[in-house]
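In this note's numbering, the protein residues as written are 11 to 278.
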């Protein structure tokens, strides 16, 4: 019999969900027949012993807790889920050697800055955008390596503070969302005299002013019109900007859904 005490689950709501509001909880889903589980189990137990209370380990035997495994989407074991404030913040499938496992845990453990960034995201999701922005600024000041927080902040402020976008996400090469934010900020900062003469110039200028004013509907109308007139104007700026605005607004946004088909038709 595989011994897992004192890490065995007794009450998921208390041992995992409730406790994760006070300390990160690493949940190890395993079974006695699973060879990789037998390899990984002693490693995470050793690391839990060495953690000195920074995080706690809970082991869940999927044979004994089939419903819990199904509820949390366990399709293969071993599987590790790191819970914090009642939510899964990191997940790993498969076994790792001790050095890699130690590094993975250290990278995924929430810091105070990460906790503040998570709180900011929750506020923003509730519509408390200004409060969320303030917390994102605080989190990034504490840890400037929080790239997800940097991206989220850039999305929220790009229309009013385009001059800050390169500072926030300029180092994220080959990250599509970062490149789109930089594209938008470049247009918003472009002097009107720098846009070369062309048949789509006026539409792009109106779109620029509309984006600054947060009038996204007019901006999309003008950009799509510019694409239909001459999609190659100024290095295809209208086409690229329309895609970027759709992505920043989100696929579920009503304007994205309303103008996506018009944009697709304008391309051809």
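Ideal Cβ positions, reconstructed from N, Cα and C, are used throughout, including at glycine.
This one's a predicted model, so the numbers in the text were calculated from it and none came from an experiment.
Outcome for residue i when other beta-carbon atoms lying within 10 angstroms are tallied against a minimum of 16
i, result
"residue 38", "buried"
"residue 202", "exposed"
"residue 209", "exposed"
"residue 160", "buried"
"residue 49", "exposed"
"residue 328", "A query on residue 328 cannot be resolved here, the shown segment of the chain reaching from 11 to 278 and no further."
"residue 97", "exposed"
"residue 113", "exposed"
Proximal residues to residue i (C-beta, below 8 Å), its chain only, five neighbours per side dropped
i, result
"residue 221", "169, 194, 197, 198, 229, 255"
Residues that DSSP places opposite residue i in a beta bridge
i, result
"residue 101", "91"
"residue 114", "None; residue 114 has no bridge partner."
"residue 71", "40"
"residue 66", "35"
"residue 18", "69"
Rounded C-alpha distance that separates residue i from residue j
i, j, result
"residue 156", "residue 183", "15 Å"
"residue 65", "residue 173", "40 Å"
"residue 245", "residue 153", "37 Å"
"residue 268", "residue 42", "53 Å"
"residue 12", "residue 72", "Low per-residue confidence applies at residue 12: pLDDT is 44, beneath 50, and the placement is therefore not dependable, though the value from the model is reported in the following sentence. Roughly 13 Å between the two C-alpha positions."
"residue 167", "residue 44", "49 Å"
"residue 137", "residue 237", "33 Å"
"residue 84", "residue 32", "25 Å"
"residue 134", "residue 140", "8 Å"
"residue 144", "residue 225", "24 Å"
"residue 162", "residue 130", "10 Å"
"residue 88", "residue 78", "15 Å"
"residue 211", "residue 263", "27 Å"
"residue 205", "residue 188", "23 Å"
"residue 259", "residue 249", "16 Å"
"residue 207", "residue 270", "27 Å"
"residue 104", "residue 28", "26 Å"
"residue 257", "residue 20", "44 Å"
Cβ neighbours of residue i in the same chain (closer than 7 Å, five flanking residues each side left out)
i, result
"residue 67", "17, 36, 38, 54, 55, 58"
"residue 100", "92, 118"
"residue 74", "none"
Own chain residues within Cβ distance below 6 Å of residue i, not counting five before or after
i, result
"residue 232", "213, 216, 217"
"residue 164", "175, 178, 179, 191"
"residue 127", "149, 156, 159"
| field | Every unbroken alpha helix (DSSP H) inside the stretch 148–193 [4 residues or more] | value | 157–167, 175–179
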